[in-house]
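>
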Amino acid sequence: MKEFVEGSHAIAQIIKACQPGVISAYPITPQTHIVEDLAQMVSNGELGSQFVNVESEHSAASVVLGGSATGVRVYTATSSQGLFYMQEVVFNIAGMRLPVVMTCANRAVSAPINIWNDQQDSISLRDSGWIQIYAENNQEAVDFHLIAYRLAEDKRVMLPVMVCMDGFILTHGMETLDLPEQDKVDKFLPKYNPLYKLDPADPISMGLLADPDYYMETRFAIQETMKSSIDYLSEISGQFNAVFGRDYKDLLIEEYQTKDAEKVIVAMGSVCGTIKEVVDEQRSKGKKVGLLRIIAFRPFPYARIYEALKHVSKIAVLDKAVSLGAYAPIAVEMKAAFYGKKKAPQVISSFVAGLGGRDITLESVREIFRRLSAKEVNSDFIDLKPELLKEEYGK
Amino acid sequence: MENSPLFKSGHTACAGCGQAIAARLVIEAAGPNTIVANNTGCLEVFSTKYPETAWGVPWIHSLFENSAAVASGIEAALIYLGKKATTNVIAQGGDGSTGDIGLQALSGMLERGHDILYVCYDNEAYMNTGVQRSGLTPFDTNTTTSPSGKISSGNIRPKKPVPEICNAHGIPYVATASAGFPQDLSRKVKKAFTIKGPKYIQVHVPCPLGWRHESNQMLPVAKLAVETGLYPLFEYENGILVNRKQITPKPVEEYLKSQGRFKHLLNSPEEIKKIQEIADNNIKKYGLKVEA
Chain A
28 MKEFVEGSHA IAQIIKACQP GVISAYPITP QTHIVEDLAQ MVSNGELGSQ FVNVESEHSA
88 ASVVLGGSAT GVRVYTATSS QGLFYMQEVV FNIAGMRLPV VMTCANRAVS APINIWNDQQ
148 DSISLRDSGW IQIYAENNQE AVDFHLIAYR LAEDKRVMLP VMVCMDGFIL THGMETLDLP
208 EQDKVDKFLP KYNPLYKLDP ADPISMGLLA DPDYYMETRF AIQETMKSSI DYLSEISGQF
268 NAVFGRDYKD LLIEEYQTKD AEKVIVAMGS VCGTIKEVVD EQRSKGKKVG LLRIIAFRPF
328 PYARIYEALK HVSKIAVLDK AVSLGAYAPI AVEMKAAFYG KKKAPQVISS FVAGLGGRDI
388 TLESVREIFR RLSAKEVNSD FIDLKPELLK EEYGK
Chain B
4 MENSPLFKSG HTACAGCGQA IAARLVIEAA GPNTIVANNT GCLEVFSTKY PETAWGVPWI
64 HSLFENSAAV ASGIEAALIY LGKKATTNVI AQGGDGSTGD IGLQALSGML ERGHDILYVC
124 YDNEAYMNTG VQRSGLTPFD TNTTTSPSGK ISSGNIRPKK PVPEICNAHG IPYVATASAG
184 FPQDLSRKVK KAFTIKGPKY IQVHVPCPLG WRHESNQMLP VAKLAVETGL YPLFEYENGI
244 LVNRKQITPK PVEEYLKSQG RFKHLLNSPE EIKKIQEIAD NNIKKYGLKV EA
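These protein sequences, in sequence, are chains A and B.
Each number in the working numbering corresponds to the 1-based position in the first sequence with 27 added.
Each number in the working numbering corresponds to the 1-based position in the second sequence with 3 added.
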């Protein structure tokens with residue numbers, strides 16, 4: 028069913044189709060349109076979920092934790108400071124192996140306060156035990172939520188999934204989308220049947236204290252599940268394609284003009300649309316350039332990336348986040364993917380762009396290709412304003 | 004006492020722990036069709052060290068301050084599943100996790116009108132981390148972070164009035180209780196579950212380790228707190244005081260000298276006078292004195 032629709036509205040539609048028992052959220056820009064729509068659906072009697080209006084993101088995450096532990100499908104959405112305020116619960120949900128699905132409408136973090144897009148929020152929670160997948164466009168954002176529930180609730184997985192979509196660019200962007208029909212959703216996503224739940228008929232205790240004799244194995248188990256999830260993502264992607272006819276391949280990476288490429292940009296999220304346009308433009312001029320788009324940031328598909336890029340001589344990693352005082356987050360993973368390998372790019376340069384919503388334009392991407400030379404650079408900021416730097420440093 | 008199927012023996016609480024006894028009374032009064040969400044704290048640690056659990060009801064611990072929110076999610080899920088009418092939900096925690104770090108989550112739970120009983124086990128300090136001051140630590144108490152010294156007689160602030168804060172939310176039932184009055188506590192829990200909506204019960208629970216009294220003195224110490232007027236037992240329904248335990252007030256000194264945490268006050272008549280004033284105000288405010 029094709030519809031010209033705002034990203035947030037489309038997410039609300041697909042969440043409705045997934046029929047969560049409990050929805051809880053706290054307002055934060057740019058997540059708000061999603062939960063407003065869901066609240067309206069509940070108010071209209073179109074959606075039978077319990078919608079719990081909480082007093083903070085900490086409680087939003089805690090409410091869905093409690094709901095999930097009681098054996099129902101749950102949903103929440105947040106951004107930026109909201110995700111950070113949830114952080115303690117975010118780690119807790121993964122440790123308790125609860126299949127919560129969350130939308131992160133990616134937004135910069137304070138200070139300075141900034142409501143616009145980058146990916147610092149979700150990337151900062153990369154070690155939390157959540158599977159993280161990043162959408163390039165709103166069709167993916169919609170489809171990835173369906174896939175997220177299927178993956179999270181898979182008995183081999185039982186881990187929470189965060190679907191990351193760039194704030195405003197996707198959440199408030201209008202596109203013509205194919206919104207999945209309910210009968211197909213029901214075919215793809217079976218009713219949630221929990222392994223364990225809080226039920227007086229069969230009382231169990233959850234969230235016990237694990238001392239040094241028991242703690243490490245719980246972390247090891249999540250790490251092993253994360254590794255296996257690389258395969259499950261591919262498997263579920265295939266099943267999704269069979270029902271909906273949209274092929275996301277292995278759901279780990281997308282290779283765009285990389286086969287014979289000499290220079291490749293590695294990036295994540297909506298900026299990849301812009302990069303593809305520059306790749307097409309440069310290809311038309313005979314330049315062998317390409318894009319490798321990362322879809323799954325956790326688990327990180329090291330082996331897949333190695334196979335895809337081992338023949339490429341120069342790689343530019345574009346991060347929309349920084350690890351202040353260290354290499355940028357995706358750049359670190361890319362270097363790790365090739366360290367000690369027989370074949371490796373001569374150069375893996377790292378660029379930081381688009382922080383706090385600064386536009387990454389076609390020219391920004393061309394500039395990255397220009398700066399990708401034999402001399403490796405690290406965390407090279409793109410599109411800085413010299414006049415502002417002069418103000419700050421007197422240079 | 005025979006072993007309870009809902010809160011089993013073998014847990015690792017200290018001898019004479021008022022919280023362990025109160026928690027057992029609460030869950031026995033609530034019955035088997037109850038789901039419990041528990042904050043981090045002594046009760047959580049001593050009752051559920053993997054691979055053992057003392058709980059015979061479904062029980063969940065998430066974090067220090069969020070049991071009210073976790074319970075809200077449980078209640079919402081039960082409504083969705085059509086099981087709420089037959090299932091009680093309890094959120095519980097200590098005084099710090101309830102009245103300090105968890106106050107926001109508690110306020111949210113009360114304001115949203117969830118059908119949940121919140122139980123605060125008030126031992127008047129952060130006992131699980133080693134007797135640090137909480138907002139519910141009484142005036143002049145010696146704790147590890149409000150120590151008495153040459154220029155201080157301990158905690159400089161009065162006890163935070165969490166029952167009144169709950170009352171201000173306009174909820175249907177707020178009560179205080181004490182481990183020293185077990186039947187009264189059981190009755191209040193049972194009564195709470197006859198009322199739909201958010202309920203709050205704050206139970207005074209002596210901690211031999213933190214209060215520094217002998218383990219076998221739990222009951223007398225708890226009783227003295229009530230009998231001096233320092234821990235008034237009352238019930239509010241929809242904001243109206245409907246019941247209070249009346250006393251023939253004993254001087255506060257009797258309570259203070261029963262515990263090491265007040266030992267530094269015993270030679271300070273001025274400080275004792277201030278504490279007597281707190282008791283007298285309670286006696287007046289709640290009408291605690293037995294009429295002749």
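We put the beta carbon where it would ideally sit given N, CA and C, even for glycine.
(1) Is A:P207 near A:F271, with beta carbons less than 8 Å apart?
(2) Could you check which residue in A:G296, A:A330, A:F324, A:Y283 has the C-alpha nearest to that of A:D307?
(3) Can you tell me whether B:M4 is buried or exposed? The criterion is at least 16 other CB atoms within 10 Å of its CB, across all chains shown.
(4) What are the residues of the segment 33-54 of chain A that lie near chain B, defined by any Cβ-Cβ distance shorter than 8 Å?
(5) Alpha carbon to alpha carbon, how far is B:A40 from A:L225? Give it in angstroms, no decimals.
(6) Is the segment 81-88 of chain A close to the segment 48-56 of chain A, with three or more CB pairs under 8 Å?
(7) Name the two residues that bound the continuous beta strand (DSSP E) containing B:G96.
(8) Do we get a CB-CB distance below 8 Å when we pair B:A180 with the residues of chain A?
(9) To the nearest whole angstrom, what separates the beta carbons of B:Y176 and B:E240, a pair I think is in contact under 8 Å?
(10) Should B:I243 go down as buried or exposed, given a rule of 16 or more other Cβ atoms within 10 Å for buried?
(11) By alpha-carbon positions, which one of A:A343, A:M233, A:S83, A:I160 ends up nearest to B:S56?
(12) My understanding is that B:P252 touches B:I286, with C-beta atoms under 8 Å, so please give their C-beta distance in whole angstroms.
(13) Leaving out five residues before and five after A:K368 in sequence, what residues of the same chain have Cβ atoms less than 8 Å from its Cβ?
(14) Which residue comes first and which comes last in the alpha helix (DSSP H) that contains A:S400?
(15) So, under 8 Å CB-CB, B:A128 and B:A182 are touching, yes? Tell me the CB distance rounded to an integer number of Å.
(16) Going by DSSP, which residues form a beta bridge with A:M192?
(17) Just how far apart, CA to CA, sit B:I30 and A:V81?
(18) Ignoring anything shorter than 3 residues, give me the beta strand (DSSP E) runs that lie fully in the segment 34-75 of chain B, in order along the chain.
(19) Return the chain-ordered list of same chain residues with a C-beta closer than 6 Å to the C-beta of A:A10, the five sequence neighbours on each side being excluded.
(20) Is there a C-beta anywhere in chain A that falls below 8 Å from the one on B:L84?
(21) From the beta carbon of A:D226, is the nearest beta carbon of chain B less than 8 Å away?
(22) Where do the N-terminal and C-terminal ends of the alpha helix (DSSP H) with A:Y329 fall, by residue?
(23) Is there a Cβ from chain A that is less than 8 Å from the Cβ of B:I278?
(24) Using a 10 Å radius around the Cβ and a threshold of 16 neighbouring Cβ atoms, would you call A:V136 buried or exposed?
(25) Anyone know if the C-beta pair for A:T13 and A:Q58 falls short of 8 Å?
(26) Using CA coordinates, which residue listed in B:S156, B:I154, B:V134 is at the minimum distance from B:T148?
(27) To which residues does DSSP link A:Q159 through a beta bridge?
(28) If you draw a straight line from the alpha carbon of B:A171 to that of B:I204, how long is it in whole angstroms?
(29) Residues of chain B with CB closer than 7 Å to the CB of A:I231, please, in chain order.
(30) Across the segment 249-256 of chain A and the segment 58-68 of chain B, are there enough close Cβ pairs to call them in contact, namely three or more that are closer than 8 Å?
(31) Whose Cβ in chain B lies nearer than 7 Å to the Cβ of A:L186?
(32) Compute the beta-carbon to beta-carbon distance between A:T198 and A:H60, rounded to the nearest angstrom, for a pair I have assumed lies under 8 Å.
(33) Give a yes or no on whether the minimum CB-CB distance between A:V127 and chain B is below 8 Å.
(34) Just checking: is the beta-carbon of A:G109 within a distance shorter than 8 Å of some beta-carbon in chain B?
(35) In the DSSP assignment, find the beta strand (DSSP E) that holds A:T203 and state where it starts and stops.
(36) With burial defined as no fewer than 16 other Cβ atoms inside 10 Å of the residue's Cβ, what is the status of A:Q209: buried or exposed?
Straight from the coordinates:
(1) yes
(2) A:Y283
(3) Because the pLDDT at B:M4 is just 49, under 50, the model does not fix this residue reliably, and the value given afterwards should be weighed accordingly. Burial call: exposed.
(4) Within the segment 33-54 of chain A, the residues whose Cβ lies closer than 8 Å to some Cβ of chain B are G48, V49, S51, listed in chain order.
(5) One C-alpha to the other measures close to 10 Å.
(6) yes
(7) 91-97
(8) no
(9) 6 Å
(10) exposed
(11) One point to set straight first is that residue 56 of chain B is Thr, not Ser, in the sequence displayed. Each of A:A343, A:M233, A:S83, A:I160 was checked against the Cα of B:T56, and the nearest Cα belongs to A:M233.
(12) 6 Å
(13) The beta carbon of A:K368 is closer than 8 Å to those of Y333, K337 in its chain, skipping five residues each way along the sequence.
(14) Note, A:S400: premise wrong, no alpha helix (DSSP H); not H, not E.
(15) Between B:A182 and B:A128 the Cβ distance is about 16 Å, and since that is not below 8 Å, they are no contact.
(16) DSSP output for A:M192 lists A:A132 as bridge partner(s).
(17) Spanning the two alpha carbons is a distance of roughly 27 Å.
(18) 37-41, 62-64
(19) Outside the modelled stretch of chain A, which goes from 28 to 422, sits residue 10 of chain A, for which no answer is possible.
(20) yes
(21) yes
(22) 329-336
(23) no
(24) buried
(25) This structure leaves residue 13 of chain A out entirely; chain A is present only between 28 and 422.
(26) Each of B:S156, B:I154, B:V134 was checked against the Cα of B:T148, and the nearest Cα belongs to B:V134.
(27) A:M189, A:R325
(28) 14 Å
(29) P61
(30) Contact between the segment 249-256 of chain A and the segment 58-68 of chain B is absent, because fewer than three Cβ pairs lie under 8 Å.
(31) None at all; the shortest Cβ gap to chain B is about 16 Å.
(32) Going by Cβ atoms, the distance from A:T198 to A:H60 rounds to 6 Å, so yes, they are a contact pair.
(33) no
(34) no
(35) 201-205
(36) Answer is exposed; the Cβ neighbour count stays below 16.
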